[in-house]
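Asks: Sequential numbering of the sequence shown, starting at 6, is according to this note's numbering.
Glycine included, every Cβ here is placed at the ideal spot set by N, Cα and C.
What you are looking at is a predicted structure, and each value in this text was computed from that prediction instead of being measured.
Have a look at the structure that comes next, please.
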Amino acid sequence: MPTLVLVRHGKTEWSSQNRFAGWADAPLSMAGRREAQAAGRLVAAMGLRFDLCATSYLERASETLELVLQIINQPSISTVHTWRLNERHYGALQGENRAKMALRYGNQQVARWRRSFDAEPPPLGDNDPRLPCKDPLYAGIDSHLLPRSESLQQASARVAPWWHDTLAPRLSDGQNALVTAHTSSIRGLARQIEGLDDATAAAFRIATATPLVYRLDDSLKVLEKRELTAGWRGRLRQLLNRHKPGKGISWI
């Protein structure tokens with residue numbers, strides 16, 4: 006039975022600056038790197054061997070993956086980089102300070118853009134240098150697919166083709182996968198896996214660098230789901246210490 010581990014990236018240098026990151030390449034902070042290493046230790050405690058890794062085009066997610074792979078001592082796993090796992094595009098809010106945007110547009114409007122499932126922030130204009138189509142990183146992607154802004158719903162839907170075409174077939178073959186990504190793209194994957202409705206998907210949250218683990222059956226139905234924390238690692242250690250040969254252990 007396959008296991009899928011989803012990890013949101015660690016904290017970034019923009020986190021302390023209270024800025025909207027979106028598709029901007031905000032690097033991990035020192036605290037974020039430590040978080041990623043701690044996530045790696047939690048994943049290592051599971052004792053899984055991964056067949057596939059995937060991450061977004063953004064540095065904070067790919068660096069998180071690198072740090073996790075170093076800790077679990079599986080650095081040579083085949084890795085997929087896809088823009089479909091990028092964070093939600095925040096449009097004209099991208100790179101801006103959240104408090105300043107609240108002053109400009111009002112607290113309620115900014116809160117609606119952030120939390121309502123179908124609310125889309127103001128899009129980037131045609132000449133805005135922040136447009137993905139102006140970034141060489143996305144040169145090989147049809148510009149019509151690249152967003153100028155996204156609602157939570159649009160960001161979630163963007164992940165669906167990658168799930169169906171790439172990840173789900175590998176899981177169906179019994180392979181274990183590790184994905185480091187962002188709140189919005191992990192929300193999109195959770196929606197595919199769990200069949201979340203709009204309201205439940207909008208309320209979905211995941212803490213930075215906290216592994217979310219799904220154990221799936223052969224038809225990709227969820228058998229078990231758990232967020233791994235430092236407390237979980239301690240409980241697992243106690244269980245392993247008590248384990249007697251010949252008896253099976255469920256790690257989750």
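What's the call for G15, buried or exposed, on a 16-neighbour Cβ count within 10 Å?
Replies: buried
Asks: Could you check what DSSP says for L63 in three-state terms: helix, strand or coil?
Replies: coil
Asks: I'd like the list of long-range same chain contacts for W118, defined as Cβ closer than 6 Å, with 5 residues on each side in sequence excluded.
Replies: A124 and P126
Asks: Look at the alpha carbon of G37 and the alpha carbon of G100, and state the distance between them as a whole number of angstroms.
Replies: 18 Å
Asks: Does the stretch 51-71 come into contact with the stretch 147-166, if we say contact requires no fewer than three beta-carbon pairs (one atom in each stretch) closer than 8 Å?
Replies: no
Asks: DSSP state of E92, grouped into three classes?
Replies: coil
Asks: Rounded to whole angstroms, what's the CA-CA distance from Q197 to S83? Just pull it up for me.
Replies: 23 Å
Asks: E18 by DSSP, collapsed to three states: which one?
Replies: coil
Asks: Can you give me the C-alpha to C-alpha distance between T213 and R153, rounded to a whole angstrom?
Replies: 25 Å
Asks: Let me know the secondary structure DSSP gives R24 once reduced to three states.
Replies: Judged by DSSP in its simplified three-state form, R24 adopts strand.
Asks: Please classify A116 as buried or exposed, where buried requires at least 16 other C-beta atoms within 10 Å of its C-beta.
Replies: A residue is called buried once 16 or more other Cβ atoms fall within 10 Å of its Cβ, and A116, having fewer, is exposed.
Asks: Can you give me the Cβ contacts of H94 inside the same chain, cut-off strictly under 8 Å, excluding the 5 residues immediately before and after it?
Replies: G27, W28, P137, P152, R153, S154, E155 and A160
Asks: By how many angstroms is the C-alpha of L129 removed from the C-alpha of L9?
Replies: Taking the Cα positions, L9 is about 35 Å away from L129.
Asks: Going by other Cβ atoms of all chains shown within 10 Å of its Cβ, with 16 needed for buried, is L47 buried or exposed?
Replies: buried
Asks: Quick one, are the C-beta atoms of Y62 and L176 less than 7 Å apart?
Replies: no
Asks: Could you tell me the boundaries of the alpha helix (DSSP H) in which K105 lies?
Replies: R103 to Y110
Asks: According to the Cβ coordinates, are I76 and Q42 closer than 7 Å?
Replies: yes
Asks: Please state the DSSP three-state secondary structure of T205.
Replies: Three-state DSSP puts T205 in a helix.
Asks: Using three-state DSSP, classify E229 as helix, strand or coil.
Replies: strand
Asks: Under 8 Å by Cβ, that's how I've got H169 and E92 pegged, so tell me the actual separation to the nearest angstrom.
Replies: The beta-carbon distance between H169 and E92, rounded to whole angstroms, is 21 Å. This is too long to meet the 8 Å contact definition.
Asks: Tell me which residues share the same chain as L183 and place their Cβ nearer than 6 Å to its Cβ, disregarding the 5 neighbours each side in the sequence.
Replies: Within the same chain, L183 has close Cβ partners V10, F55 and C58.
Asks: So, is P7 buried or exposed, given that buried needs 16 or more other C-beta atoms within 10 angstroms?
Replies: Under this definition P7 is a buried residue.
Asks: Can you look up L11 in the DSSP assignment and give me helix, strand or coil?
Replies: strand
Asks: With distance defined between alpha-carbon atoms, name the residue in D131, E232 and L233 nearest to H149.
Replies: D131
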